[in-house]
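A.B. asks:
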Amino acid sequence: MFFCRRLVLTGRGFNNSVRSFSSVVKKDPSLSKLDCRPLALQARVDFLIRLGDLDTAAKHARLSVQCTDNIICINQTCQAIIGAMCEAKRYKDALDLFHYFYRETNITPYFGYLNHIIKLHLDQGRLDDALNVYDSSLANDVTEALISKGLVDAGRLDEAMDRLKPIGFSDLSSNMCKFSYLSSDVCKPLLEGLLRQGDVEKVNEVLGDVLGSSHVYDDRYDRVAIFSYTYMKYWFEQGKEEKAMDCYSLLQLGKLREATAVNALLVLFLKYGKKTEAWSLFNEVSHSEEMNNFDENTLNIMVNECFKIGRFDWAIQIFYKVKASKLKKPDVTCYRNIITRLNKQGILFEAEHLFEEMCSDRLVPPDVSTYTSMIDAYLKAGKTEDALRISNKMVDAFIGQVAWLACL
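Read in order, the letters of the sequence shown correspond to residues 1148 to 1555 in the working numbering.
#1: When you compare only the Cα positions, how much space is there between tryptophan 1382 and alanine 1391?
#2: Note the first and the last residue of the continuous alpha helix (DSSP H) segment covering asparagine 1137.
#3: So, using beta-carbon positions, are alanine 1307 and serine 1295 closer together than 8 Å?
#4: Determine the DSSP secondary structure at alanine 1301, reduced to helix, strand or coil.
#5: Within its chain, find whatever has a CB closer than 6 Å to the CB of glutamate 1424; leave out the 5 residues flanking it on each side and keep chain order.
#6: Is isoleucine 1522 near serine 1507, with beta carbons less than 8 Å apart?
#7: Since isoleucine 1221 and proline 1185 are thought to touch, with beta carbons under 8 Å apart, how far apart are those beta carbons, to the nearest angstrom?
#8: DSSP three-state call for isoleucine 1448: helix, strand or coil?
#9: So within the segment 1428–1491, which uninterrupted alpha helix (DSSP H) runs reach at least 4 residues, ignoring any that extend past its ends?
#10: Between which residues of its own chain and glycine 1297 is the CB-CB distance below 7 Å, once the five residues before and five after are set aside?
#11: Asparagine 1279 by DSSP, collapsed to three states: which one?
#12: Could you give the distance in angstroms between the alpha-carbon of histidine 1500 and the alpha-carbon of lysine 1470?
#13: When the Cα of leucine 1304 is compared with those of Leu1338, Asp1332, Ser1331, which residue comes out closest?
#14: Please say whether tyrosine 1368 and lysine 1402 have beta carbons closer to each other than 8 Å?
#15: Are three or more beta carbon pairs between the segment 1474–1483 and the segment 1452–1464 nearer than 8 Å?
#16: Between the Cα of alanine 1292 and the Cα atoms of Lys1266, Phe1245, Val1280, which residue gives the shortest distance?
#17: What distance in whole Å lies between the Cβ atoms of asparagine 1253 and valine 1289, which are believed to be in contact at a cut-off of 8 Å?
#18: What's the gap between the Cα of glycine 1272 and the Cα of valine 1432?
#19: If alanine 1411 sits next to isoleucine 1456, beta carbons under 8 Å apart, how far is it from one beta carbon to the other, in whole angstroms?
#20: Using the Cβ count rule (16 or more neighbours within 10 Å means buried), how would you classify glutamate 1384?
#21: Can you find the residues in the same chain that come closer than 8 Å, C-beta to C-beta, to alanine 1231, ignoring five residues on each side of it along the sequence?
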């Protein structure tokens, strides 16, 4: 174990230490004696993905074909490794795994199982390949959103609009208010496509109908907000700030029930210099009684803005204020984001405090990236002993996880 710890601080690099952790899990080359129950297998694969050992994770994920129950869990395991390969831009490996799971073996696919592969093709400019893979019988909102955006980005707006006909949109002009019943992720690229074509009149009609429609109940208002965001983005891009803000003034912020629209508006305001409006919106949702209109991304957006303007003290204050009110249990991304940024600024004292807070909370243990951020910061500051202490803590934490996995 001492050897594993020392690897973190040697010239061999952090990835070697990760491989030493993984070797504890993969010590049986045949994998034949490993527990292949869906939940146990999923836990091992997720653990290996977090460690960054995708090759070993893939080997374990392939054992999913031996499972015969819990189809949802099996699909989640398969999707996790395919998604991780895509994120690492290992597209060939992602495709190989997809074909193995869903074409060569008997794993029953679940809704949305094509999403990673469709996005893979779209990211590489292969729209026709994405369309060939598409299967409407197992599509979900994410699938439809990917295809809609792909068609619009390729200048094939008419095809994207034609796809709405089977669900009652044969005559767009007479079915405007039905937009409020579609996923905002599906509608957003369609509205953007109309705006790119300069068809402002039709978009005005859409926006006017959904904003004034009695059919737009509170639980659907977030979709309306995304429509408004799309229109605002267009006007900002055209340099027509006043029109963008007029559109914003029509929104009833008290009706927002999800963080998606809030986050989109915050990013838009900050991008176009509307910082007063961004902070006003942030403060409003921070103090509202609705809990779901605020998530980890909302916090990270404004923490990042504080660092951007050099107000590190604000970032820390906001983090703790939000933790005490809206996010009782911030996830690892919130801690990792602020700790990493504090370390980059050399503010080790505050980073240490937040890191120890994570270590003391069993529900939010540090991940690999957070550990390495602390190790790198200590090494940069010349605090080798502290770096070694954190590396030891990391090894102990992950060896503990391996032991837990072995008991599943």
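C-beta atoms are modelled at their ideal positions from N, C-alpha and C, and glycine is treated no differently.
Everything numeric in this text was worked out from a predicted model, so none of it was measured.
C.D. replies: The answer reads as follows:
#1: If I take the Cα positions, the gap works out to 5 Å.
#2: Lying outside 1148 to 1555, the shown extent of the chain, residue 1137 is not represented and no answer is given.
#3: A contact, by the Cβ cut-off of 8 Å.
#4: Coil at alanine 1301, not helix or strand.
#5: Cβ neighbours of glutamate 1424 beyond the five flanking positions: Phe1416.
#6: No, they are not a contact pair.
#7: About 5 Å; that satisfies the 8 Å criterion.
#8: DSSP places isoleucine 1448 in helix when its eight states are reduced to three.
#9: Those alpha helix (DSSP H) runs which fall completely within the segment 1428–1491 and span 4+ residues are 1443–1455, 1459–1472, 1479–1491.
#10: Around glycine 1297, the same chain offers Leu1269, Leu1274, Ala1277 as residues with beta carbons nearer than 7 Å, after the five sequence neighbours per side are excluded.
#11: Helix.
#12: Their Cα atoms are separated by approximately 15 Å.
#13: Comparing Cα-Cα distances from leucine 1304 to each of Leu1338, Asp1332, Ser1331, the minimum goes to Leu1338.
#14: The answer is yes: Cβ separation under 8 Å.
#15: The segment 1474–1483 is not in contact with the segment 1452–1464.
#16: Checked all of Lys1266, Phe1245, Val1280; the closest Cα to alanine 1292 is Lys1266.
#17: Incorrect: roughly 25 Å between the Cβ atoms, too far for contact.
#18: Distance between the alpha carbons of glycine 1272 and valine 1432: 38 Å.
#19: In this structure alanine 1411 is not in contact with isoleucine 1456, their Cβ atoms being roughly 21 Å apart against a cut-off of 8 Å.
#20: So glutamate 1384 ends up on the exposed side.
#21: Here the set comprises Ile1196, Leu1201, Ala1204.
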